[in-house]
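S.K.: The structure follows.
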Amino acid sequence: MSNQTAHGSLKSYVTGFICSIVLTIIPIVVLVNNWLEGLGSTIVFLAAALLQFIVQLVFFMHLKDEEKPRYNLMSLLLGIFIVLLIVVGSIWIMMYNMVAI
Amino acid sequence: MAQTHSNAEHHGHGHEHPDQEEMRTFAFWIYLMTDVILFATLFATYIVLQGNTDGGPGPKDIFQMNGIYASTFILLTSSFTSGLALLAMHKGNRLALMNWLWVTIFLGASFLFLEVNEFMHMVHEGATISTSAFLTAFYTLVGTHGLHVALGLGWMIILIIQIAKHGITPVTKRKVNIVSLFWHFLDIVWIFVFTIVYLLGVK
Numbered sequence: 001m002s003n004q005t006a007h008g009s010l011k012s013y014v015t016g017f018i019c020s021i022v023l024t025i026i027p028i029v030v031l032v033n034n035w036l037e038g039l040g041s042t043i044v045f046l047a048a049a050l051l052q053f054i055v056q057l058v059f060f061m062h063l064k065d066e067e068k069p070r071y072n073l074m075s076l077l078l079g080i081f082i083v084l085l086i087v088v089g090s091i092w093i094m095m096y097n098m099v100a101i
Numbered sequence: 001m002a003q004t005h006s007n008a009e010h011h012g013h014g015h016e017h018p019d020q021e022e023m024r025t026f027a028f029w030i031y032l033m034t035d036v037i038l039f040a041t042l043f044a045t046y047i048v049l050q051g052n053t054d055g056g057p058g059p060k061d062i063f064q065m066n067g068i069y070a071s072t073f074i075l076l077t078s079s080f081t082s083g084l085a086l087l088a089m090h091k092g093n094r095l096a097l098m099n100w101l102w103v104t105i106f107l108g109a110s111f112l113f114l115e116v117n118e119f120m121h122m123v124h125e126g127a128t129i130s131t132s133a134f135l136t137a138f139y140t141l142v143g144t145h146g147l148h149v150a151l152g153l154g155w156m157i158i159l160i161i162q163i164a165k166h167g168i169t170p171v172t173k174r175k176v177n178i179v180s181l182f183w184h185f186l187d188i189v190w191i192f193v194f195t196i197v198y199l200l201g202v203k
């Protein structure tokens, strides 16, 4: 694979930008108009954030275009694993393991 | 598109063996992963402590969402313009590269201005960093992100001076590459601050 895609194109930046704006507007509209309550809105907000995270990785940081071996992707996956371990682990311990209060 | 393609190939250099600048870019990526872990601990702390308001104000009482919406779109646009700076650099257009970096700096500075304003407003309302565990976690998380943005601004200004002096060389190329990676990374962190702290806080 040649390196012409390594730093993206105007098209990929514009696509990423438009997707990011749409994915930011969706949760704002849902919040302002009170369309969803409770768990529903939580899921929509988190899903929009997650999608935007992927959009930015692909269109802005060009993770998709990386050549093999994909060291960037591998270290990112390790990073995400540690993040989930810390965040989910903390929530789980603090919410469900309250003994002797 | 075709234009970008041919230009990119023209500027491309051998990929048979990784060169020094590419290794340095990857090293910066590794640094970003450690920064991810730093933010993960701050997010975990915030999520665990956000309910502990100690009778003080909660998220719904102090967050002013209109300013937050504005700063979210400003930072998102600055992430896009730092990408445009990168494109200008790969076309060999030094003036456009410097101008897009200035636009990015201007947007980043506007973001920081709004954030400092928000903090001052909150402190004025009596919601300081020592008011409750919720606010300590809030100021630490959002403030650490703001500090990163401030460092990024100073970094970009120094980089513009280097580009003005030395032009687009393999070294300044790599530096623009990593500063733009840093900037996209800060935008990604902000997406989660915006969602977890603000959107889920006021809903």
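In order, the protein sequence lines correspond to chains A and B. The first sequence begins at 1 in full-length UniProt numbering and counts up one residue at a time. The second sequence begins at 1 in full-length UniProt numbering and counts up one residue at a time. Note that beta-carbon positions come from the ideal geometry of N, C-alpha and C, so glycine has one too.
Would B/Val197 and B/His145 be called neighbours here (beta carbons separated by less than 7 Å)?
M.R.: Reading the second sequence from its first residue, position 197 is the one you call residue 197 of chain B. Reading the second sequence from its first residue, position 145 is the one you call residue 145 of chain B. No, the pair does not count as a contact, with Cβ atoms beyond the cut-off.
S.K.: Taking Cβ positions, are B/Val193 and B/Pro59 nearer each other than 7 Å?
M.R.: Taking the second sequence and counting its residues from 1, the one referred to as residue 193 of chain B is at position 193. Taking the second sequence and counting its residues from 1, the one referred to as residue 59 of chain B is at position 59. No, they are not a contact pair.
S.K.: Please go through the same chain and pick out, in chain order, the residues whose beta-carbon is closer than 7 Å to the beta-carbon of A/Ser2, but skip the five residues on each side of it.
M.R.: On the first sequence, position 2 is the one that residue 2 of chain A refers to. For A/Ser2, the pLDDT reaches just 36, beneath the cut-off of 50, and the residue's location in the model is therefore unreliable, leaving the point undetermined.
S.K.: Going by C-alpha distance, which of B/Leu107, B/Asn66, B/Thr136, B/Arg24 is nearest B/Thr45?
M.R.: Position 45 of the second sequence, counted from the first residue, corresponds to residue 45 of chain B. Per the Cα distances, B/Thr136.
S.K.: Are the C-beta of A/Ile82 and some C-beta of chain B separated by less than 7 Å?
M.R.: Your numbering for residue 82 of chain A matches position 82 in the first sequence. For A/Ile82, the answer is yes, since a Cβ of chain B falls inside 7 Å of its Cβ.
S.K.: With the cut-off set at 7 Å, would you say A/Ser75 and B/Ile157 are in Cβ contact?
M.R.: Position 75 of the first sequence, counted from the first residue, corresponds to residue 75 of chain A. Position 157 of the second sequence, counted from the first residue, corresponds to residue 157 of chain B. No, they are not a contact pair.
S.K.: Interface residues of chain B around A/Met61 at Cβ under 7 Å?
M.R.: For the purposes of this step, residue 61 of chain A is identified with residue 61 of the first sequence, where counting begins at 1. By Cβ distance, chain B contributes Leu181, His184.
S.K.: Compute the Euclidean distance between the alpha carbons of A/Val22 and A/Thr15, then round it to the nearest angstrom.
M.R.: On the first sequence, residue 22 of chain A is found 22 positions in, with the first residue counted as 1. On the first sequence, residue 15 of chain A is found 15 positions in, with the first residue counted as 1. Spanning the two alpha carbons is a distance of roughly 11 Å.
S.K.: Name, please, each residue of chain B whose Cβ falls closer than 8 Å to the Cβ of A/Gly8.
M.R.: Within the first sequence, the letter at position 8 stands for residue 8 of chain A. Going along chain B in sequence order, the residues near A/Gly8 (Cβ under 8 Å) are Gly83, Leu86, Leu87.
S.K.: So does the region 95-113 of chain B actually touch the region 34-43 of chain B, counting three or more Cβ pairs closer than 8 Å?
M.R.: Not touching, per the Cβ criterion.
S.K.: Considering just the uninterrupted stretch of the alpha helix (DSSP H) at B/Asp54, what are its terminal residues?
M.R.: To locate residue 54 of chain B, count along the second sequence from 1; it is residue 54. B/Asp54 -> no alpha helix (DSSP H), and no H or E assigned at all.
S.K.: Counting only C-beta atoms, is A/Gly40 closer than 7 Å to chain B at any point?
M.R.: Stepping through the first sequence from its first residue, residue 40 of chain A is reached at position 40. No, no contact with chain B.
S.K.: Which residues in chain A have a C-beta closer than 9 Å to the C-beta of B/Val149? List them in chain order.
M.R.: Translated into positions along the second sequence, residue 149 of chain B becomes position 149. Neighbours of B/Val149 on chain A: none; closest Cβ ~16 Å, over 9 Å.
S.K.: Under 9 Å Cβ-Cβ, which residues of chain A neighbour B/Met23?
M.R.: Residue 23 of chain B sits at position 23 when you count from the first residue of the second sequence. Per Cβ cutoff of 9 Å: no residues; B/Met23 is ~10 Å from chain A at best.
S.K.: Between B/Leu75, B/Gln162, B/Pro57, which has its C-alpha nearest A/Phe17's C-alpha?
M.R.: By 1-based counting over the first sequence, the position of residue 17 of chain A is 17. Looking at the Cα atoms, B/Leu75 is the closest of the given residues.
S.K.: Taking Cβ to Cβ, would you say B/Leu153 is nearer than 7 Å to B/Gly83?
M.R.: Here residue 153 of chain B is taken as the residue at index 153 of the second sequence, counted from 1. Here residue 83 of chain B is taken as the residue at index 83 of the second sequence, counted from 1. Cβ atoms of B/Leu153 and B/Gly83: not closer than 7 Å.
S.K.: So, are the CB atoms of B/Thr104 and B/Thr81 less than 7 Å apart?
M.R.: Position 104 of the second sequence, counted from the start, is the residue given in the question as residue 104 of chain B. Position 81 of the second sequence, counted from the start, is the residue given in the question as residue 81 of chain B. A contact, by the Cβ cut-off of 7 Å.
S.K.: Just reading off the alpha helix (DSSP H) that A/Glu67 is part of, what are its end residues?
M.R.: Translated into the one-based positions of the first sequence, residue 67 of chain A becomes position 67. Careful: A/Glu67 lies outside any alpha helix (DSSP H) and carries neither H nor E.
S.K.: Please report the straight-line C-alpha distance between A/Val58 and B/Phe119, rounded to a whole angstrom.
M.R.: The residue labelled residue 58 of chain A in the question sits at position 58 within the first sequence. The residue labelled residue 119 of chain B in the question sits at position 119 within the second sequence. Going by the C-alpha atoms only, they are around 33 Å apart.
S.K.: When you compare only the Cα positions, how much space is there between B/Gly167 and A/Lys68?
M.R.: By 1-based counting over the second sequence, the position of residue 167 of chain B is 167. By 1-based counting over the first sequence, the position of residue 68 of chain A is 68. Cα to Cα, B/Gly167 sits roughly 31 Å from A/Lys68.
S.K.: Here's the rule I'm using: 16 or more other beta-carbon atoms within 10 Å means buried, otherwise exposed. How should B/Gly51 be labelled?
M.R.: Here the question's residue 51 of chain B lines up with position 51 in the second sequence. B/Gly51 should be labelled exposed.
S.K.: Could you tell me which uninterrupted alpha helix (DSSP H) segments, each at least 4 residues in length, are contained entirely in the region 59-109 of chain B, listed from first to last along the chain?
M.R.: The region 59-109 of chain B contains these whole alpha helix (DSSP H) runs: 59-62, 65-90.
S.K.: How long is the line joining the alpha carbons of B/Lys175 and B/Ala85, rounded to whole angstroms?
M.R.: The count along the second sequence starts at 1 and reaches residue 175 of chain B at position 175. The count along the second sequence starts at 1 and reaches residue 85 of chain B at position 85. Whole-angstrom Cα-Cα distance: 12 Å.
S.K.: Please return the same chain residues whose Cβ sits closer than 8 Å to the Cβ of B/Ser130, not counting the five positions on each side in sequence.
M.R.: Stepping through the second sequence from its first residue, residue 130 of chain B is reached at position 130. Answer for B/Ser130: Thr136, listed in chain order.
S.K.: Let's test the definition: count the other Cβ atoms within 10 Å of the Cβ of B/Gln3 and tell me whether it reaches 16, buried, or not, exposed.
M.R.: Residue numbering aside, residue 3 of chain B sits at position 3 when the second sequence is read from its first letter. Here B/Gln3 scores only 42 on pLDDT, less than 50, and its place in the model is too uncertain to base an answer on.
S.K.: Write down every uninterrupted run of the beta strand (DSSP E) in the region 123-196 of chain B whose length is 3 residues or greater and which is fully enclosed by it, in chain order.
M.R.: Counting whole runs of 3 or more residues, the region 123-196 of chain B contains no beta strand (DSSP E) stretch at all.
S.K.: Is B/Gly143 near the ligand ADP, judged by its Cβ being under 6 Å from some heavy atom?
M.R.: This structure lacks the ligand ADP, and indeed carries no ligand of any kind.
S.K.: Any beta-carbon of chain B closer than 7 Å to the one on A/Ile91?
M.R.: Numbered from its first residue, the first sequence carries residue 91 of chain A at position 91. Chain B, which has a Cβ nearer than 7 Å to the Cβ of A/Ile91, makes this yes.
S.K.: Shortest alpha-carbon distance to B/Lys91 belongs to which of B/Phe113, B/Ala127, B/Gln64, B/Thr169?
M.R.: Residue 91 of chain B sits at position 91 when you count from the first residue of the second sequence. Minimum Cα distance to B/Lys91 is reached at B/Thr169.
S.K.: For B/Thr25, collect the residues of the same chain with a Cβ closer than 7 Å to its Cβ; drop the 5 residues on either side in sequence, then sort them by chain order.
M.R.: Position 25 of the second sequence, counted from the first residue, corresponds to residue 25 of chain B. Arg174, Asn177, Ile178.
S.K.: Using a 10 Å radius around the Cβ and a threshold of 16 neighbouring Cβ atoms, would you call A/Gly38 buried or exposed?
M.R.: Here residue 38 of chain A refers to the residue found at position 38 of the first sequence. Per the 10 Å Cβ criterion, exposed.
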